[in-house]
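Structure first, then comments.
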């Protein structure tokens, strides 16, 4: 009985003992399975979070792009409006300017027609018949240096314009508006008209007629003929008209015998005879004339320096 029980107990203990390892293996298997599932759950969660983050970043980027585009559109709209306003102002100003220009042109045409009304037809014969000087000289007798001196100091663009120097005209207009001084814009052609066809009246009508006559002169005379007409009738002080008589009065010479220095001095007198008929003032003016001749290329540096050194005297000083 006891051996049976002991044997039975051993069997029971073996069964009980053998059942413990089985239970432990099951738990380990379940734990491993649970850990495996947890790892996959964590990975899935991480992927989900990454997807969500990507979506949020993309949405944020899209929003920023949309916001940036909206700001740029707003700026473009403002810029466009600003340009449109500016263009509108410019158009308005241009319209006003063009209107005044048109009115001014119509007035100018009307006043020109009024000013030239009754004016004689400009011809070469009319000019020559109105000569003031009794000692007129031909173009061949007048030294080239005297012609160049007059052009340099009186009308440096003489050979380029048609009787009216538009550059001098604009400069004179601006100067007269901005300052208290008066600056003329007469060309040699206009001076010929003033000396031989009109008069010395300081009126707009006379100036307009001189401009008209200057243009007509260029249609019927060469530039050299116009220049010779001017040289033969310009006033040189001491009741002297023309370079033929002026050369004799100031230097006791024929005009063709004048040196470069004497030509420059004689040419300088005509600007203001009352002032430059005095030798000291005439000498200063001569230096200015020679400088302009050199600047414009009519004489070279050597000729310029030689003329400055030349001892030139008026006949009145010698007498």
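Numbering (UniProt numbering), first residue to last: 1 to 319. Positions of the beta carbon are idealized from the N, C-alpha and C atoms, including for glycine.
Check: In terms of residues, what are the limits of the alpha helix (DSSP H) holding residue 119?; Outcome: Premise fails: residue 119 is in no alpha helix (DSSP H) and is neither H nor E.
Check: Residues in the same chain with beta-carbon distance under 6 Å from residue 311, minus the five sequence neighbours each way, listed in chain order, please.; Outcome: none
Check: My assumption, with CB atoms under 8 Å, is that residue 289 sits in contact with residue 149. Please give the rounded CB distance.; Outcome: 5 Å
Check: Count the other CB atoms within 10 Å of the CB of residue 144; is the residue buried (16 or more) or exposed (fewer)?; Outcome: exposed
Check: How far does the alpha helix (DSSP H) with residue 260 in it extend, from its first residue to its last?; Outcome: 260–269
Check: Would residue 248 and residue 133 qualify as a contact pair, given that the criterion is a beta-carbon distance under 7 Å?; Outcome: no
Check: Pick from 190, 177 and 156: whose alpha carbon is nearest that of residue 127?; Outcome: 190
Check: Can you tell me where the alpha helix (DSSP H) with residue 152 in it begins and where it stops?; Outcome: 144–154
Check: To test your reading of the DSSP string, which unbroken alpha helix (DSSP H) runs of 4 or more residues are found completely within the segment 175–263?; Outcome: 188–196, 204–220, 223–231 and 243–251
Check: Counting pairs of Cβ atoms below 8 Å between the segment 217–228 and the segment 146–164, do you hit three or more?; Outcome: yes
Check: Smallest Cα separation from residue 313: which of 124, 305 and 284?; Outcome: 284
Check: Helix or strand or just coil, what does DSSP make of residue 160?; Outcome: coil
Check: Reducing DSSP to helix, strand and coil, say where residue 135 ends up.; Outcome: coil
Check: When you compare only the Cα positions, how much space is there between residue 265 and residue 129?; Outcome: 29 Å
Check: Please report the Cβ distance between residue 226 and residue 167, rounded to the nearest whole angstrom; I am assuming they are in contact, meaning their Cβ atoms lie under 8 Å.; Outcome: In fact, because the Cβ distance is near 19 Å, the residues do not count as touching under 8 Å.
Check: How big is the Cα-Cα spacing for residue 229 and residue 201?; Outcome: 21 Å
Check: Using the Cα positions of residue 304 and residue 113, report the straight-line distance between them to the nearest angstrom.; Outcome: 47 Å
Check: Give me, in chain order, the residues of the same chain whose beta-carbon lies closer than 6 Å to that of residue 137; leave out the 5 immediate sequence neighbours on both sides.; Outcome: 244 and 255
Check: Put residue 314 into one of helix, strand or coil per three-state DSSP.; Outcome: coil
Check: Would the beta-carbon of residue 297 fall within 7 Å of that of residue 286?; Outcome: no
Check: Expressed to the nearest angstrom, what Euclidean distance is found between the alpha-carbon atoms of residue 155 and residue 294?; Outcome: 15 Å
Check: From this set, 224, 104, 117 and 307, which residue's C-alpha is nearest residue 206's C-alpha?; Outcome: 117
Check: Smallest Cα separation from residue 139: which of 278, 242, 184 and 275?; Outcome: 242
Check: Taking the Cβ atom as the reference point for each residue, do residue 308 and residue 273 lie within a distance shorter than 7 Å?; Outcome: no
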